[in-house]
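Working notes for the structure below.
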Amino acid sequence: MKIPTILMLTLLAVPAMAAPDGASLFKSKCAMCHGPDGSGKTAIGKSMNVKNLSLPDVQKQTDAQLSAVVVNGKNKMPGYKGKLGADEIREIVRHVRTFRK
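At position 98 of the sequence shown the residue is numbered 114 (this note's numbering), and the sequence of numbers has no breaks.
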């Protein structure tokens, strides 16, 4: 077998990396406080007075502003700098946009 053939077979054997899924990321990183619907109506969310993500004052923020909150955190919310990649953060913000009323 020639080297290019081995390389091609190796690449075909490795599953393609899936793009990050905003809903899944939100569920695993955010929903425990913000709730699956972004309302903040969880025990933790109520105790920390988290903001309902469907409210106009959240939704009017730019994607860059929402991304900055995910990266740096806000109030008691931890930041995910170094824990999530740019694509993952973008997908979380995209998912938060689905909470618009």
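Don't be surprised by glycine CBs; every beta carbon is placed ideally from N, CA and C.
Find out if the Cβ-Cβ distance for the pair residue i, residue j is shorter than 9 Å.
| i | j | result |
| --- | --- | --- |
| M64 | K92 | yes |
| Q81 | R116 | no |
| Y96 | K45 | yes |
Could you pull out every residue in the same chain whose Cβ sits closer than 6 Å to the Cβ of residue i, ignoring the five residues on either side in sequence?
| i | result |
| --- | --- |
| H111 | G38, A39, F42 |
Skipping 5 residues on each side, what residues in its chain have a beta carbon closer than 7 Å to that of residue i?
| i | result |
| --- | --- |
| V118 | Limits of the chain in this structure are 17 at one end and 117 at the other, which puts residue 118 out of reach. |
| L69 | H50, G54, V112, F115 |
| I60 | M48, C49 |
| T58 | M48, C49, G51 |
Report the CB separation of residue i from residue j in whole angstroms; it is logged as a contact under 8 Å.
| i | j | result |
| --- | --- | --- |
| I105 | V87 | 6 Å |
| P36 | D103 | 5 Å |
Checking the sheet assignment: what are the DSSP bridge partners for residue i?
| i | result |
| --- | --- |
| L100 | K97 |
| K90 | M93 |
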